[in-house]
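Structure first, commentary second.
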Amino acid sequence: MALKRMDNVLIVVEELDPVIAFFVEIGMELEGRGPAEGRWVERVIGIDGVRQEVAMLRIPGGAGRIELARFDAPAAIRSEPPGAPVNTVGLRRVMFAVDDIDDVVARLRTHGAELVGEIVQYENVYRLCYVRGPEGIVVGLAEELG
1 MALKRMDNVL
11 IVVEELDPVI
21 AFFVEIGMEL
31 EGRGPAEGRW
41 VERVIGIDGV
51 RQEVAMLRIP
61 GGAGRIELAR
71 FDAPAAIRSE
81 PPGAPVNTVG
91 LRRVMFAVDD
101 IDDVVARLRT
111 HGAELVGEIV
121 QYENVYRLCY
131 VRGPEGIVVG
141 LAEELG
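Counting in full-length UniProt numbering, the sequence shown runs from 1 upward without gaps.
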């Protein structure tokens, strides 16, 4: 029995639109958006009475996806403070390879994103940074050099 792939990473958000716009600016495509509720959802996630809206974004031409979920019932629970540092226990970031890190950072700033640290060069291999976007979501960006 072999692992086939990683289908997606779920990010629970309070507002879908700004987070969708943030990931679309990185270069992802909105694959679909709609409600997810009913007994089948309740059984999968173990929460009764759940009503949520989900959006699925995909990497163009690739298999990677990010699922965003906004819970209408029951309301989402915030377990860490907004702006938690990257050494906080739990899923901290998703990393994307990009062609032009400066361009992507500049475009993300129009969505309120801020650099967590700096854009740095690792040897002659990568330029790297972390960016904090809407709702405190942290993404890593990597531009391969040479």
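The beta-carbon is built from N, C-alpha and C at its ideal position, and this holds for glycine as well.
Spanning the alpha carbons of Gly90 and Glu80 requires a straight line of approximately 10 Å. Nearest to Val12 by alpha-carbon distance, out of Ala73, Leu115, Val104 and Ile59, is Ala73. Per DSSP, Ile20 lies in no beta strand (DSSP E) segment; the continuous alpha helix (DSSP H) that holds it begins and ends at Leu16 to Ile26. With a beta-carbon spacing of about 6 Å, Val9 and Ile66 fall inside the 8 Å limit used to define contacts. Under DSSP, the beta-bridge partners assigned to Glu67 are Leu10 and Met56.
For Gly136, the closest of Ile26, Val50, Arg127 and Leu115 by C-alpha to C-alpha distance is Leu115.
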